[in-house]
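*Asks:*
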Amino acid sequence: MKEGYIAVTGGNVYYKIVGDGNKTPIILLHGGPGGTHVPFMHLENLGNDRQVIFYDQLGSGKSDRPTDHSLWNIDRFVEELGQIREALGLSKLHILGHSWGTMLEASYLLKQPEGVQSIIFSSPCLSVPQWEKDQALHLKQLPEEVQEILSRCEREGTTDTEEYKTAMKEFNKRFVYRLDSKPKEMESPYAKSNSIVYNTMWGPSEFCTTGNLKGYDVTERLKEIQLPAMFTCGRYDEATPQTVEGYSHCLPGSIFHVYEQSAHLPYLEEPAEYIGRVRSFLDHVEKQ
5 MKEGYIAVTG
15 GNVYYKIVGD
25 GNKTPIILLH
35 GGPGGTHVPF
45 MHLENLGNDR
55 QVIFYDQLGS
65 GKSDRPTDHS
75 LWNIDRFVEE
85 LGQIREALGL
95 SKLHILGHSW
105 GTMLEASYLL
115 KQPEGVQSII
125 FSSPCLSVPQ
135 WEKDQALHLK
145 QLPEEVQEIL
155 SRCEREGTTD
165 TEEYKTAMKE
175 FNKRFVYRLD
185 SKPKEMESPY
195 AKSNSIVYNT
205 MWGPSEFCTT
215 GNLKGYDVTE
225 RLKEIQLPAM
235 FTCGRYDEAT
245 PQTVEGYSHC
255 LPGSIFHVYE
265 QSAHLPYLEE
275 PAEYIGRVRS
285 FLDHVEKQ
């Protein structure tokens, strides 16, 4: 294992490289915005075949946490990814993005960078307007009293209260993470998300979008990404199977898979199945 820091626009970001296999490396773009690489821990198993590059995006995990809010925009994160590739000499690579990481991934790929061998969109959000429609339907499945609390707090601007956060847990346990407990690694302070980055770019919750990503939609441009692709999500995912399958149709020849026992975090909910699917896809691409 190798780790260190890379200077990017705005500060220094932490990276970790696991594995020494001779197949094409894969870089992982974590969720958030403001999340960390820690939830990807099980993907270290891919290191049997290839180098696996983990990194904490600026503002999160072990990376610097600058206070300049103007840094929290998608263009800077796209620039950051390019700077990491250059620093690590990743002339050829696969890219796996999860959730917000797929927004970063798509925006980077639309710049037509060279050397990308394949892409994986894990529980993607490629249209915020569509995401909002899907979450509106999910919210209707919650108890009426929970819906009322969430609606009132958002209307009154009290989304930072314990009442709102408690009600939000009802949504999360249905559509984000369905298991009763999380791995002990998730208790690390380095696993904690940066709420400032999250609120600046996204909003107070998964289903209330008020940040600068509101309106983001690249579905009409996905056809420009002419690379082998796999789209995946959980059966109970906030990134719904219907929506994700629709995205997959925008890239002819792409693979679509649903993790039947998962919500939004299948790499934690069904790690063996998740790793197996990723490994099989990468091997398939490299045999072409």
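Residues are numbered in our numbering as their position in the sequence shown, beginning at 1, plus a constant of 4. Don't be surprised by glycine CBs; every beta carbon is placed ideally from N, CA and C. Because the structure is a prediction, the values reported are computed rather than measured.
Comparing alpha-carbon positions, which option in L146, R89, Y9, V132 lies nearest Y251?
*Replies:* Position 247 of the sequence shown, counted from the first residue, corresponds to residue 251. Looking at the Cα atoms, V132 is the closest of the given residues.
*Asks:* What did DSSP end up calling Q139 once you bin it into helix, strand or coil?
*Replies:* As a working note, residue 139 is residue 135 in the sequence shown. If DSSP states are grouped into helix, strand and coil, Q139 belongs with the helices.
*Asks:* Beta-carbon separation of I30 and L97 under 8 Å?
*Replies:* By 1-based counting over the sequence shown, the position of residue 30 is 26. By 1-based counting over the sequence shown, the position of residue 97 is 93. Yes, they are a contact pair.
*Asks:* Would you mind sorting K169 into buried or exposed? The rule is 16 or more other CB atoms within 10 Å of its CB.
*Replies:* Here residue 169 refers to the residue found at position 165 of the sequence shown. Classification of K169: exposed, given that the 10 Å Cβ count is below 16.
*Asks:* Keeping to the same chain, check which residues put their C-beta closer than 6 Å to that of E7; ignore five residues upstream and five downstream.
*Replies:* Here the question's residue 7 lines up with position 3 in the sequence shown. Here the set comprises K20.
*Asks:* Output the boundary residues of the beta strand (DSSP E) element that contains E7.
*Replies:* If you number the sequence shown from 1, residue 7 lands on position 3. Segment 6–12, the beta strand (DSSP E) holding E7.
*Asks:* Using 8 Å for Cβ pairs, my map puts L217 next to L255. What's the rounded Cβ distance?
*Replies:* Walking along the sequence shown from the start, residue 217 turns up at place 213. Walking along the sequence shown from the start, residue 255 turns up at place 251. Not quite, the Cβ-Cβ distance comes to about 22 Å (not below 8 Å), so this is no contact.
*Asks:* In three-state terms, what does DSSP make of L62?
*Replies:* Your numbering for residue 62 matches position 58 in the sequence shown. Secondary structure at L62: coil, using DSSP grouped into helix, strand and coil.
*Asks:* Rounded to a whole number of angstroms, what is the C-alpha to C-alpha distance between P270 and Y278?
*Replies:* In the sequence shown, residue 270 corresponds to position 266, counting from 1. In the sequence shown, residue 278 corresponds to position 274, counting from 1. Taking the straight line joining both Cα atoms gives about 6 Å.
*Asks:* Should M205 go down as buried or exposed, given a rule of 16 or more other Cβ atoms within 10 Å for buried?
*Replies:* As a working note, residue 205 is residue 201 in the sequence shown. Result: buried.
*Asks:* Put Q121 into one of helix, strand or coil per three-state DSSP.
*Replies:* Here residue 121 refers to the residue found at position 117 of the sequence shown. Strand.
*Asks:* Can A267 and F179 be called in contact, C-beta distance under 8 Å?
*Replies:* As a working note, residue 267 is residue 263 in the sequence shown. As a working note, residue 179 is residue 175 in the sequence shown. Yes, Cβ-Cβ distance for A267 and F179 is below 8 Å.
*Asks:* Is the separation between the beta-carbon of G105 and that of H34 shorter than 8 Å?
*Replies:* Counting from 1 along the sequence shown, the entry for residue 105 is found at position 101. Counting from 1 along the sequence shown, the entry for residue 34 is found at position 30. Yes, they are a contact pair.
*Asks:* At 4 residues or longer, and completely inside the segment 36–104: list those alpha helix (DSSP H) runs for me, N to C.
*Replies:* 78–92
*Asks:* Need the endpoints of the beta strand (DSSP E) that T15 sits in, please.
*Replies:* As a working mapping, residue 15 is identified with position 11 in the sequence shown. Here residue 15 is Gly; the residue named in the question, Thr, does not match the sequence. Per DSSP, G15 belongs to the beta strand (DSSP E) from 15–22.
*Asks:* Which partner residues does L33 have in the DSSP bridge list?
*Replies:* Here residue 33 refers to the residue found at position 29 of the sequence shown. The partner list for L33 (beta bridge, DSSP) reads G101.
*Asks:* Give every residue of the same chain whose Cβ lies closer than 7 Å to the Cβ of A171, excluding the five residues on either side of it in the sequence, and list them in chain order.
*Replies:* For the purposes of this step, residue 171 is identified with residue 167 of the sequence shown, where counting begins at 1. For A171, where only same-chain residues beyond five positions count, the Cβ hits under 7 Å are V150, I153, L154.
*Asks:* Tell me, which residues are paired with G257 by DSSP?
*Replies:* As a first step, residue 257 is located in the sequence shown; it is residue number 253 there, counting from the start. None; G257 has no bridge partner.
*Asks:* With distances taken Cα to Cα, identify the nearest neighbour of C237 among Y263, H142, K66.
*Replies:* Within the sequence shown, the letter at position 233 stands for residue 237. It is Y263.
*Asks:* Can you check DSSP and say which residues form a bridge with K27?
*Replies:* Here residue 27 refers to the residue found at position 23 when the sequence shown is read from its first residue. BP columns for K27 point to R54.
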